[in-house]
Amino acid sequence: MNVGDVLRGFLLGALIVLVLPSPSQAHDPYVWFDPLAWDNYTDVNYQIDDSIPGDNGSNFETRIHDGVADWNAVTGVGGFTFDDVGNGNKSWGDPCNWQDAATDIWVFYHDITSVGQTKWCEVWHNQQQYWDIQSARVAFDTDPTWYRGTGNVPSGEISVWEASTHEFGHATGTFRGGNYGGHWPPEPSTQCALGGAESDWTMCPVTTPGEDYLIPLEPHDIDTFQSFY
Amino acid sequence: MRGKKPGRSSRVGLPLGLLFALAVGGAATSQELQDPAGQAVEPALELAKAAGCDPSTHDVVASSSAVLYSRAPGAAHPKEAAPTLEEAVLGWSDSLADDGFVFSPATLEAAAAVAETDTSPIQVQLPGVMIHVMRWPDGWYTVSGVTQLFQCA
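Here's what the structure looks like:
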């Protein structure tokens, strides 16, 4: 067998593989790979519910916007943008009842079973063969003492800014096939616990009172967000 | 001039190299269809099927959630943890009810008991709902990840 012919054949085949579109190129990658995301991701609007403590423009509300701004500052995400569309009044309920609502994300202060929570309604479109997010809601629990400033978090308090950055991270579309738990590192992991190697990743599911380790975004948070879009 | 007469070996060599390259390239391409953990690309669809939906013929609506817990310095587990898996899951029954999914405590306990023997990550599966549970080193539990409730369109 002529080694040169084998080599030429290999090179020809490699050229074909390179020239032909791979699945991720033949399709929009966000369509091909479990594309749970917003269909209008360059304009994902959010609204602050009146339940958020303080009047419009309160420190609590400002820190929520700060968390949103952390994600909006990331480049290389196809123009993904959260847009503030003001304040309003909405009742707490299943986000799947809001599929056709004009506001994509409502932000609440509500009695929940954790410090923060993001709920979203996703729809599998049989004809198009993809998932997308229809609506979502972010909730801050009524139980913690929330720190509304930007300095060192006082002992025992939870940072609104940190929780906002974490929850709006979910709203970028973290719940995908390769990240089924909606957090990273994949759960269960003890690495997110205080002192763990990844305890400063924004999308770790555990925050430490008196600290704000989850902000700013870490390279892994940014890389993962960029991989979505 | 010294030449080489084309023969059987050269006729075989070229296609062989071609096939090898295509096989290598194809394998690399197929890897892209899996997530980094090597799991199926669309686990949510498998859950939807388990919930009785047929995503090959119908749309599926799913209400999902993810939570952020607080854990005090030095504490063994988050404040929201429960000493048993059953209690951790039952603590979410009100939240599930908020979304219109109401299960009897007996059903939840039965599902939690099954999950107790499962490997991590612990997944408590009921018709139409999947609950992710994390077990902390001290043995306490939190519903730590995503709850997902399916409605067949």
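Chains F and H are the protein sequences, given in the same order.
Final position of the first sequence in this note's numbering is 229; the numbers increase by one with none missing.
Final position of the second sequence in this note's numbering is 1153; the numbers increase by one with none missing.
All residues carry an ideal CB built from backbone N, CA and C; glycine is no exception.
Computed from a prediction, not measured in an experiment: that's the story for all the values here.
- When the alpha-carbon of residue 95/F is set against those of 86/F, 122/F, 184/F, 80/F, the nearest one is in 122/F.
- Ranked by Cα distance from residue 145/F, the first of 116/F, 173/F, 171/F is 116/F.
- Shortest Cα-Cα distance from residue 1047/H to any of 1138/H, 1126/H, 1142/H involves 1126/H.
- Using a C-beta cut-off of 8 Å, the region 198-207 of chain F makes contact with the region 1066-1077 of chain H, since at least three inter-stretch Cβ pairs fall below that distance.
- For residue 1089/H, the enclosing alpha helix (DSSP H) has its first and last residue at 1085-1090.
- If you compare the alpha carbons of 201/F, 224/F, 228/F with that of residue 216/F, the shortest gap goes to 201/F.
- Distance from residue 1141/H to residue 1072/H at the Cβ level is roughly 17 Å; contact not present, criterion being Cβ atoms closer than 8 Å.
- Residue 1057/H and residue 130/F have their alpha carbons spaced roughly 13 Å apart.
- Ranked by Cα distance from residue 183/F, the options 1132/H, 1150/H, 1149/H, 1152/H are led by 1132/H.
- When 1080/H, 1054/H, 1136/H, 1075/H are compared, the shortest CA-CA separation from residue 143/F is found for 1080/H.
- Of all residues in the region 104-125 of chain F, those with a C-beta nearer than 8 Å to a C-beta of chain H are 112, 113, 114, 115, 116, 117, 118, 119, 120, 121, 122, 123, 124, 125, reading in chain order.
- Residue pairing from DSSP places residue 146/F in a beta bridge opposite 158/F.
- Sequence-ordered contacts of the region 1065-1097 of chain H with chain F read 1065, 1066, 1067, 1068, 1069, 1070, 1071, 1072, 1073, 1078, 1080, 1091, 1092, 1095 [C-beta pairs closer than 7 Å].
- For the region 1047-1067 of chain H, the residues whose beta carbon sits under 9 Å from a beta carbon of chain F are, in order, 1048, 1053, 1054, 1055, 1056, 1057, 1058, 1059, 1060, 1061, 1062, 1063, 1064, 1065, 1066, 1067.
- Neighbourhood of residue 1045/H in chain F, by CB distance below 8 Å: 124, in chain order.
- At a Cβ-Cβ threshold of 8 Å, residue 46/F and residue 85/F count as neighbours.
- Per DSSP, residue 201/F lies in no alpha helix (DSSP H) segment and is marked neither H nor E.
- CA-to-CA, the gap between residue 87/F and residue 162/F works out to about 21 Å.
- For the C-beta of residue 61/F, not a single chain H residue is nearer than 8 Å; the gap to the nearest is close to 19 Å.
- Residue 167/F reaches chain H at 1066, 1068, counting residues in chain order whose Cβ is nearer than 9 Å.
- Neighbours of residue 206/F in chain H, taken as residues whose beta carbon is under 8 Å from its own, are 1068, 1069, 1070, 1071, 1078 in chain order.
- Following the DSSP letters along the chain, one finds residue 64/F inside the alpha helix (DSSP H) bounded by residues 59-72.
- If you compare the alpha carbons of 149/F, 210/F, 136/F with that of residue 92/F, the shortest gap goes to 136/F.
- In this structure, DSSP gives residue 1054/H a state outside helix and strand, which the three-state scheme calls coil.
- At least one beta carbon of chain H lies nearer than 8 Å to the beta carbon of residue 209/F.
- Taking a beta-carbon distance threshold of 8 Å, residue 228/F does not count as an interface residue toward chain H.
- In this chain, the beta strand (DSSP E) harbouring residue 1068/H covers 1060-1070.
- Put simply, the CB of residue 170/F is near chain H, with a gap under 8 Å to one of its CB atoms.
- If you ignore the 5 residues before and after residue 1055/H, its C-beta comes within less than 8 Å of the C-beta of 1045, 1048, 1049, all in its own chain and listed in chain order.
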